[in-house]
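Enquirer:
Numbering (our numbering), first residue to last: 54 to 363.
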């Protein structure tokens, strides 16, 4: 049986863009499938049953890859380290994007148009020989009952009604702070939604807890915080349980959409046509040329409309 290793990018959204390709590979190829991925994200792939093995990205080395004797490497990642590792490990077939700085190390190249996206990853999957790659990432992830139970207990202990709970995600990765909406606008959104009878929960990664706490303290009614100290699967379970997600273009937005939660997604300079929550028609997009031109009333009006439709 052949062995294939997929090299993933570092961000949550980019990992989710790879799910349809992994699913097709699992279904169509008689191969053992491994993923090189950040260890904090790997539980999503394992719980979904998409891989046979994980190689933590922080442990990545030529020696580890070479020992596994892979027949093929598929590189969603364009990082020099990923391409050099695949090449020096002696993997015979190395398939990646033509835009990688070290693309001459690849044996076959797919064309990448624009930013990393699911459509680009599908093009890469076609180069691998996959025939049926889904056009969005919805309904591929599976969450363990333990994590869903953890989150249900959290809702109950905080006396929150799931049907009225809105997950509010204000952050982005540390390198993409230019996507973020001003904190004062989020505070106003939360205040208005509480007045209208909704329960808002500020959600984010564990490293965002201090920032979220400061925002919560400035709200007229202090919202609960959910920062998933137990890891990505609890974060996913929280987003799945929530009635609605509000946030900017971020990994959290994509995770909520992948789990079937409706999103109010706020975009500035990035293009929702390329990197919006999927399938796009299931969600509400607020798009401005600059994120600074998005106002609280823009968000609140769409939340009320979406919640009234159920």
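Glycine residues also receive a C-beta, built at the ideal position from the N, C-alpha and C atoms.
Just so we're clear, the structure is a prediction, and the values are computed from it rather than from any experiment.
Taking only the alpha-carbon atoms, compute the straight-line gap between residue 295 and residue 120 and give it to the nearest angstrom.
Expert: Position 242 of the chain shown, counting from 1, holds the residue named residue 295. Position 67 of the chain shown, counting from 1, holds the residue named residue 120. Here the alpha carbons of residue 120 and residue 295 stand approximately 43 Å from one another.
Enquirer: In angstroms, rounded to a whole number, what distance separates the CA positions of residue 298 and residue 309?
Expert: Translated into positions along the chain shown, residue 298 becomes position 245. Translated into positions along the chain shown, residue 309 becomes position 256. In this structure, the CA atom of residue 298 is about 7 Å from the CA atom of residue 309.
Enquirer: State buried or exposed for residue 274, treating a residue as buried only when at least 16 other CB atoms are found within 10 Å of its CB.
Expert: In the chain shown, residue 274 corresponds to position 221, counting from 1. Around the beta-carbon of residue 274, fewer than 16 other beta-carbon atoms lie within 10 Å, marking it exposed.
Enquirer: Which whole runs of the beta strand (DSSP E) in the segment 85-167 are 3 residues long or more, in chain order?
Expert: With a minimum length of 3 residues, the continuous beta strand (DSSP E) runs that stay inside the segment 85-167 are 106-109, 125-128, 146-150 and 161-163.
Enquirer: CA-CA distance, residue 100 and residue 288?
Expert: Counting from one through the chain shown, the residue named residue 100 turns up at place 47. Counting from one through the chain shown, the residue named residue 288 turns up at place 235. When rounded, the distance between both Cα atoms is 14 Å.
Enquirer: In angstroms, rounded to a whole number, what distance separates the CA positions of residue 331 and residue 70?
Expert: By one-based count along the chain shown, residue 331 stands at place 278. By one-based count along the chain shown, residue 70 stands at place 17. Their Cα atoms are separated by approximately 10 Å.
Enquirer: I need the DSSP call for residue 298, collapsed to helix, strand or coil.
Expert: One-based indexing of the chain shown puts residue 298 at position 245. Residue 298 falls in the strand class under three-state DSSP.
Enquirer: Between the alpha carbons of residue 280 and residue 205, how many angstroms are there, rounded?
Expert: The residue you call residue 280 lines up with position 227 of the chain shown. The residue you call residue 205 lines up with position 152 of the chain shown. Rounded to the nearest angstrom, the two C-alpha atoms are 15 Å apart.
Enquirer: Check residue 252 in the structure and name its three-state DSSP category.
Expert: For the purposes of this step, residue 252 is identified with residue 199 of the chain shown, where counting begins at 1. DSSP places residue 252 in strand when its eight states are reduced to three.
Enquirer: Could you give the uninterrupted runs of the alpha helix (DSSP H) lying entirely in the segment 175-227, keeping only those of 4 residues or more?
Expert: List check, alpha helix (DSSP H) in window: 198-210.
Enquirer: When the Cα atoms are used, what is the spatial distance from residue 83 to residue 56?
Expert: Numbered from 1 along the chain shown, position 30 holds the residue referred to as residue 83. Numbered from 1 along the chain shown, position 3 holds the residue referred to as residue 56. Approximately 9 Å between the Cα atoms of the pair.
Enquirer: Name the residue from 174, 346 and 199 whose alpha carbon lies nearest to the alpha carbon of residue 322.
Expert: By 1-based counting over the chain shown, the position of residue 322 is 269. Out of 174, 346 and 199, 346 has the C-alpha closest to the C-alpha of residue 322.
Enquirer: Between the Cα of residue 36 and those of 361, 335, 301 and 305, spot the shortest distance and give me the residue it belongs to.
Expert: Beyond the ends of the chain as shown, which are 54 and 363, falls residue 36; an answer cannot be given.
Enquirer: Distance check for residue 203 and residue 247, CA to CA, integer angstroms please.
Expert: Counting from 1 along the chain shown, the entry for residue 247 is found at position 194. Counting from 1 along the chain shown, the entry for residue 203 is found at position 150. In this structure, the alpha-carbon of residue 247 lies about 25 Å from that of residue 203.
Enquirer: Measuring alpha carbon to alpha carbon, tell me which of 306, 303 and 122 ends up nearest residue 142.
Expert: In the chain shown, counting from the first residue as 1, residue 142 sits at position 89. Taking the Cα of residue 142 as reference, the smallest distance to any Cα among 306, 303 and 122 is reached at 122.
Enquirer: Indicate the three-state DSSP secondary structure (helix, strand or coil) for residue 242 in the structure shown.
Expert: Here residue 242 is taken as the residue at index 189 of the chain shown, counted from 1. The answer is helix: DSSP assigns residue 242 an H, G or I state.
Enquirer: Note the first and the last residue of the continuous beta strand (DSSP E) segment covering residue 277.
Expert: Sequence index remark: in the chain shown, residue 277 carries index 224 (1-based). Looking at the DSSP string, the run of the beta strand (DSSP E) that includes residue 277 is 277-279.
Enquirer: Tell whether a beta-carbon distance below 8 Å holds between residue 285 and residue 318.
Expert: On the chain shown, position 232 is the one that residue 285 refers to. On the chain shown, position 265 is the one that residue 318 refers to. Cβ atoms of residue 285 and residue 318: not closer than 8 Å.
Enquirer: Measure the Cβ-Cβ separation of residue 163 and residue 184 and say whether it is below 8 Å.
Expert: Start at 1 with the first residue of the chain shown, and residue 163 comes out as number 110. Start at 1 with the first residue of the chain shown, and residue 184 comes out as number 131. At least 8 Å separates the beta-carbon of residue 163 from that of residue 184.
Enquirer: According to DSSP, is residue 340 part of a helix, a strand, or is it coil?
Expert: Within the chain shown, the letter at position 287 stands for residue 340. Correct three-state label for residue 340: strand.
Enquirer: Enumerate in chain order the residues of its own chain whose CB-to-CB distance from residue 351 is below 6 Å, with the five nearest sequence positions on each side excluded.
Expert: Within the chain shown, numbered from 1, the residue matching residue 351 stands at position 298. 339.
Enquirer: Which residues bound the alpha helix (DSSP H) around residue 311?
Expert: For this step, residue 311 is matched to residue 258 along the chain shown. It spans 304-311 - the alpha helix (DSSP H) in which residue 311 sits, taken as one unbroken run.
Enquirer: With 16 other CB atoms within 10 Å as the buried threshold, where does residue 59 fall?
Expert: Taking the chain shown and counting its residues from 1, one reaches residue 59 at position 6. Buried is the call here.
Enquirer: Would you mind reading off the limits of the alpha helix (DSSP H) that contains residue 269?
Expert: Walking along the chain shown from the start, residue 269 turns up at place 216. 262-271 is the extent of the alpha helix (DSSP H) around residue 269.
Enquirer: Anyone know if the C-beta pair for residue 171 and residue 73 falls short of 8 Å?
Expert: Taking the first residue of the chain shown as 1, we reach residue 171 at position 118. Taking the first residue of the chain shown as 1, we reach residue 73 at position 20. Contact flag set, yes.
Enquirer: Use the C-beta contact count for residue 212: other C-beta atoms within 10 angstroms, 16 or more gives buried, fewer gives exposed.
Expert: Along the chain shown, one-based indexing puts residue 212 at 159. A residue is called buried when at least 16 other Cβ atoms come within 10 angstroms of its Cβ; residue 212 does not meet this threshold and is exposed.
Enquirer: Leaving out five residues before and five after residue 81 in sequence, what residues of the same chain have Cβ atoms less than 6 Å from its Cβ?
Expert: Within the chain shown, numbered from 1, the residue matching residue 81 stands at position 28. Closer than 6 Å at the Cβ level, and outside the excluded window around residue 81, lie 183.
Enquirer: With distances taken Cα to Cα, identify the nearest neighbour of residue 311 among 192, 303 and 161.
Expert: Position 258 of the chain shown, counting from 1, holds the residue named residue 311. Comparing Cα positions, the closest option is 192.
Enquirer: Could you work out which residue in 327, 353 and 313 is closest to residue 336 when comparing CA atoms only?
Expert: In the chain shown, counting from the first residue as 1, residue 336 sits at position 283. For residue 336, the nearest C-alpha among the options comes from 313.
Enquirer: Among 131, 106 and 186, which residue has its Cα nearest to the Cα of residue 92?
Expert: To locate residue 92, count along the chain shown from 1; it is residue 39. Residue 92 has its Cα closest to that of 106, out of 131, 106 and 186.
Enquirer: I need the straight-line Cα distance from residue 256 to residue 264, nearest angstrom please.
Expert: Here residue 256 corresponds to residue number 203 of the chain shown, with the count starting at 1. Here residue 264 corresponds to residue number 211 of the chain shown, with the count starting at 1. Straight-line Cα distance between these residues: approximately 11 Å.
Enquirer: From the DSSP output, which residues share a beta bridge with residue 318?
Expert: Here residue 318 corresponds to residue number 265 of the chain shown, with the count starting at 1. When beta bridges are read from the DSSP output, residue 318 appears opposite 300 and 338.
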